[in-house]
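**Q**
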Amino acid sequence: LNAYLYIPWRSCHSLDSKRAWVKGELIRYVRLCSSETYFLKIRTDFTQRLRDHGYPGK
Numbered sequence: 001l002n003a004y005l006y007i008p009w010r011s012c013h014s015l016d017s018k019r020a021w022v023k024g025e026l027i028r029y030v031r032l033c034s035s036e037t038y039f040l041k042i043r044t045d046f047t048q049r050l051r052d053h054g055y056p057g058k
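Heads up: the sequence shown begins at 1 in UniProt numbering, then just goes up one per residue.
This is the structure we're talking about:
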């Protein structure tokens, strides 16, 4: 089962909704990770999964 079912970039959701969702996920990762090193790895993985789903880079 693929648990990484994100809102597609091309969906009709507003840009603000997409930004808020990404920010919320990053805040959740900060709270769940026990170390900064682990958070940085999770953030990198999350960023790659977003790009794989069509989200633009910075």
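All residues carry an ideal CB built from backbone N, CA and C; glycine is no exception.
1) Taking all protein chains shown into account, do 16 or more other C-beta atoms lie within 10 angstroms of the C-beta of Leu50, making it buried, or fewer, making it exposed?
2) Report yes if the C-beta distance between Ile7 and Trp21 is below 8 angstroms; otherwise report no.
3) What residue range is occupied by the uninterrupted alpha helix (DSSP H) comprising Lys23?
4) With DSSP as the reference, label Lys41 as helix, strand or coil.
**A** Reading from the atomic positions:
1) Buried: at least 16 other Cβ atoms inside 10 Å.
2) yes
3) Its alpha helix (DSSP H) spans residues Leu15 to Leu32.
4) helix
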